[in-house]
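**Q**
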Amino acid sequence: MQPTSLTDLSDQQITEARTASSGRTVTTLHGGSDHTLKQVVLTLAAGRELSDHENPGEATLLVIRGRVRLGTASASVEVAEGEYLVIPPERHHLVALTDATVLLSVVAR
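When you line the sequence shown up against UniProt numbering, it's residues 1 to 109, in that order.
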């Protein structure tokens, strides 16, 4: 059992995301094909996005650093550092309004 500093990981990933051609970095903290729960730390450089995609199950988003906008066909919401959001069970996209790091937790269907 070993704790992980999400702020340290965020600092590292922001540096990497700024220079990555995709403008993002992802680290899996927990989970995989043999787990129900998957948790990843996703970092997007400012202005970058994850395009529309289906929600793979029950999912939540916790903003570790920065600000993001999560949008669906019918609504969008800005989520700031330290804020938590239950992701709706529909197609959605995520845009980094600033350099941003989020903890994405998903329980697969």
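We treat Cβ as the ideally placed atom computed from N, Cα and C, and that holds for glycine.
1) Quick one: complete beta strand (DSSP E) runs, 3+ long, within the region 1–76?
2) Return the bridge partner residues of Glu78 from the DSSP annotation.
3) Does the separation of the CB atoms of Leu104 and Ile64 fall below 8 Å?
4) Do Lys38 and Val86 have their beta-carbon atoms positioned less than 8 Å apart in this structure?
5) Given this structure, state the Cα-to-Cα distance separating Thr19 from Thr36, to the nearest angstrom.
**A** The short version:
1) 24–30, 37–44, 49–53, 57–65, 67–71
2) Along the sequence shown, read from residue 1 onward, the residue named residue 78 stands at position 78. Looking at the DSSP output, Glu78 bridges to Arg69.
3) The residue given as residue 104 occupies position 104 in the sequence shown. The residue given as residue 64 occupies position 64 in the sequence shown. Against a cut-off of 8 Å, the Cβ pair of Ile64 and Leu104 comes out as no contact.
4) For the purposes of this step, residue 86 is taken as the residue at position 86 of the sequence shown. For the purposes of this step, residue 38 is taken as the residue at position 38 of the sequence shown. No. Outside cutoff.
5) Within the sequence shown, residue 19 is the residue found at index 19, counting from 1. Within the sequence shown, residue 36 is the residue found at index 36, counting from 1. For Thr19 and Thr36, the distance between alpha carbons rounds to 32 Å.
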